[in-house]
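Read through the structure below, which is laid out as structure tokens, and then see the notes.
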Amino acid sequence: MAYVVPRPELTLKEKAYLPSIISGLKITFGHFKKMLQGKTKVTMQYPEEKWDAELPEYYRGAPTLVKDDHDRERCVACQLCEFICPPRAITITPEEIPAGERFEKVEKRPAEFKIDMIRCIYCGMCEEVCPEQAIYLRKDYAITGITRAEMVHDKKKLYELGGVFKGLIHKWNPEK
Amino acid sequence: MPFLTAIPWEMIAWAIGKAVFVIFLVVLPMVSYTVYAERRVSAAIQDRVGPNRTGFPTTLLGFKKDMQLFLGGLGQPIADAVKFILKEDFTPGGVKQFYFWLAPCLAMLPLVSLAFVPFGSSFLGEKMVIADVNVSVLGVFAVTGVGVYAIVLAGWASNSKYPFLGGIRSTSQMIAYELSMGMSIIPVLMAQQTMQMSHIVQNQAENGWTLLPLWGHGLSLQSWLLLIPFGISFIIFTISVFAETNRLPFDLPESETELVAGYHTEYSSMKFALFFLGEYTAMIVGSSLIVVFFLGGWSLPFIPDGQGHATPFFQSIFGGLYEMLPNWFWGLVNITVFFGKVAAVLVFFIWVRWTLPRFRFDQLMRIGWLYLFEIALVNIFITAAILAFAGK
Chain A
1 MAYVVPRPEL
11 TLKEKAYLPS
21 IISGLKITFG
31 HFKKMLQGKT
41 KVTMQYPEEK
51 WDAELPEYYR
61 GAPTLVKDDH
71 DRERCVACQL
81 CEFICPPRAI
91 TITPEEIPAG
101 ERFEKVEKRP
111 AEFKIDMIRC
121 IYCGMCEEVC
131 PEQAIYLRKD
141 YAITGITRAE
151 MVHDKKKLYE
161 LGGVFKGLIH
171 KWNPEK
Chain B
1001 MPFLTAIPWE
1011 MIAWAIGKAV
1021 FVIFLVVLPM
1031 VSYTVYAERR
1041 VSAAIQDRVG
1051 PNRTGFPTTL
1061 LGFKKDMQLF
1071 LGGLGQPIAD
1081 AVKFILKEDF
1091 TPGGVKQFYF
1101 WLAPCLAMLP
1111 LVSLAFVPFG
1121 SSFLGEKMVI
1131 ADVNVSVLGV
1141 FAVTGVGVYA
1151 IVLAGWASNS
1161 KYPFLGGIRS
1171 TSQMIAYELS
1181 MGMSIIPVLM
1191 AQQTMQMSHI
1201 VQNQAENGWT
1211 LLPLWGHGLS
1221 LQSWLLLIPF
1231 GISFIIFTIS
1241 VFAETNRLPF
1251 DLPESETELV
1261 AGYHTEYSSM
1271 KFALFFLGEY
1281 TAMIVGSSLI
1291 VVFFLGGWSL
1301 PFIPDGQGHA
1311 TPFFQSIFGG
1321 LYEMLPNWFW
1331 GLVNITVFFG
1341 KVAAVLVFFI
1351 WVRWTLPRFR
1361 FDQLMRIGWL
1371 YLFEIALVNI
1381 FITAAILAFA
1391 GK
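If you read the protein sequences in the order shown, they are chains A and B.
So the first sequence is numbered by my numbering: it starts at 1 and just counts up by one.
So the second sequence is numbered by my numbering: it starts at 1001 and just counts up by one.
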């Protein structure tokens, strides 16, 4: 059934249009003034102001490798992270720990551990899958480089970013 | 050339000097900084920051950092210009070459009409207007009228549907508003009894601004009654200037949501930049017309003109002070006052642009033909009645 939508009756003031222009100008001027007085605070001036303090605990930044209290690299080169990595950003070259070294008992360690940060999607699966809790996603997010080669993090760089992670591995922690 | 020898060389030198001063030292920088102001003001109105990074590129000269003055981003126009120059100048196939190239050249034509605008009182005894002809009002309107050809030619020569629609819209819009613009200014000309813009401003300096008759002959019943038609004229003229310069409530020729970019869709690089700058030049011309006709041109009541004469009231108070400083100084102050007023009107332009939404095309036509034109016409008769019956 057809029905009629009544058109609103405009008063003379509304028809004249100028008063509403003036009220509109007032609104925009209000915003302008607040901005000049510095009352509006919306934009973060990025390189000068950073959000780092507000980053949540669970923030997923760049993946890094960590060492334990005894300066042993936790990674045992099981390559689980390499297999789970959805964009295949991780490449591990395992090697045997030669006899006579301090951590000979661990048997295996990565000779080279590469994460291509152009490929990495920061999903955190490597952290989740790691049985030794050797790889962690840290809060670094500004990963930049001029060349592709620069964007591949090697073992040295990964330990540099990761540092030392104290305490038991959860796997061996009776409280967990 | 015999006709050149008949003209004294000082006159030629002054004319060239004034033209160079106005166009290259004042208006073109003003154009580029209007673009910057537009971006900053619009940003502030929309609670954003706007371009605040680009400094003057002192790093090119070997310094460690770019120079940042006052608020950041003042180097933005330079960066924009470099970008426009370095971009590929692409001419699409199927365009009408000659007119395609002609249109952006015509877009900068409003610059010519600045020749008629008095931008100062006098400086070292020379009137501060490039061409002080006795029909300068007509001259300005004639030159700005040609401005529509830039858009029409661009729309037609592009051989593409959206520019074409933009061109058509622009034509009908300009015709509609050119009329009410011309009509609305007639009451002012009737009261001033002259078509020479320098005289109009001189009258306002002596007898009160068109919209502020507070001194000289302005303190009469007639001038106060005339405020009614002048106020109407002012509103109509301002609206028409908005329409003429394709500013936002009336920017149908290039409405992005409907026509991609309107008449300059097919243009790139410096050719596009010329349209862009032409729009802002037209804005400056429009604002200087508003200033000249309604806001007293270069005059401020408490500042004397280039001969050191102020309004009698302030002359009696500060008379000694005026004589202490040389007349050329006051001439310079007048020029500054004029461009300051123009800048204020420009900010108003920008402010309105970021306030109002665009009109629908039928609304635009109705406002132009049914309201503004008629009101302007009636306004002339009201002015005539006041001039005839309410004596001085």
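Where is the CB? At the ideal position from N, CA and C, for every residue including glycine.
Predicted, not measured: the structure shown is a model, and the values here were computed from it.
C-beta contact flag for residue i and residue j at 8 Å
i: GLY1306/B; j: ASN1334/B; result: yes
i: GLY1278/B; j: PRO1029/B; result: no
i: THR1245/B; j: GLY1208/B; result: no
i: VAL1337/B; j: LEU1300/B; result: yes
i: VAL1031/B; j: PHE1339/B; result: no
i: GLY1120/B; j: MET1108/B; result: no
i: ILE1350/B; j: ALA1037/B; result: yes
i: TYR1322/B; j: SER1170/B; result: no
i: VAL1117/B; j: SER1233/B; result: no
i: THR93/A; j: LEU158/A; result: no
i: LYS108/A; j: ILE97/A; result: yes
i: ILE1236/B; j: SER1184/B; result: yes
i: ILE1200/B; j: VAL1292/B; result: yes
i: LEU80/A; j: CYS120/A; result: no
i: LEU1372/B; j: LEU1248/B; result: no
i: LEU137/A; j: GLY124/A; result: yes
i: ALA1261/B; j: PHE1250/B; result: no
i: SER1240/B; j: MET1190/B; result: no
Proximity test, residue i beta-carbon vs the ligand GTP heavy atom, cut-off 7 Å
i: SER1299/B; result: The model depicted lacks the ligand GTP and carries no ligand whatsoever.
Range covered by the alpha helix (DSSP H) that runs through residue i
i: PRO1229/B; result: 1221-1244
i: LYS157/A; result: 155-162
i: TYR1267/B; result: Looking at the DSSP string, TYR1267/B is not in any alpha helix (DSSP H), and its letter there is neither H nor E.
i: ILE1367/B; result: No alpha helix (DSSP H) contains ILE1367/B, which DSSP labels as neither H nor E.
i: CYS50/A; result: Residue identity check: residue 50/A is Lys in the sequence provided, not Cys. Where LYS50/A is concerned, there is no enclosing alpha helix (DSSP H), given that its DSSP letter is neither H nor E.
i: PHE1381/B; result: 1373-1389
i: ILE27/A; result: 18-37
i: LYS1161/B; result: 1161-1192
i: LEU1295/B; result: Per DSSP, LEU1295/B belongs to no alpha helix (DSSP H) and is neither H nor E.
i: LEU1259/B; result: 1256-1259
i: LYS1096/B; result: Neither: LYS1096/B is in no alpha helix (DSSP H) and is coded neither H nor E.
i: ARG1040/B; result: 1028-1045
i: GLU1010/B; result: 1009-1020
i: TYR1149/B; result: 1136-1157
i: PRO1110/B; result: 1110-1113
Residue-level contact to chain B via CB, residue i, 8 Å cutoff
i: GLU93/A; result: Correcting the residue type first, residue 93/A is Thr in the shown sequence and not Glu. Chain B, which has no Cβ nearer than 8 Å to the Cβ of THR93/A, makes this no.
i: GLY24/A; result: yes
i: THR11/A; result: no
i: LEU36/A; result: yes
i: THR28/A; result: yes
i: THR144/A; result: no
i: ILE21/A; result: yes
i: PHE83/A; result: no
i: PHE113/A; result: no
i: PHE103/A; result: no
i: PHE165/A; result: no
Closer than 8 Å to chain A by CB, residue i
i: ILE1045/B; result: yes
i: PHE1361/B; result: no
i: VAL1049/B; result: yes
i: TRP1369/B; result: no
i: THR1355/B; result: yes
i: VAL1041/B; result: yes
i: VAL1241/B; result: no
i: VAL1378/B; result: no
i: TRP1351/B; result: yes
Per DSSP, cross-strand counterpart(s) of residue i
i: ILE1078/B; result: Bridge partners of ILE1078/B: none, in fact.
i: GLU1126/B; result: PHE1123/B
i: ILE1303/B; result: LEU1300/B
i: TRP1209/B; result: LEU1212/B
i: VAL152/A; result: ASP116/A
Residue range of the beta strand (DSSP E) that includes residue i
i: ILE135/A; result: 135-137
Neighbour flag for residue i against chain C, beta carbons, 8 Å
i: GLY1208/B; result: Protein chains in the displayed structure are A and B, and chain C is not among them.
Worksheet entry | Segments of 4+ residues assigned as alpha helix (DSSP H) that fall wholly inside the segment 59-129 of chain A | 80-84, 125-129
Discussion item. Runs of 3 residues minimum, wholly inside the segment 1319-1364 of chain B: which ones carry the beta strand (DSSP E) assignment?
Written reply: none
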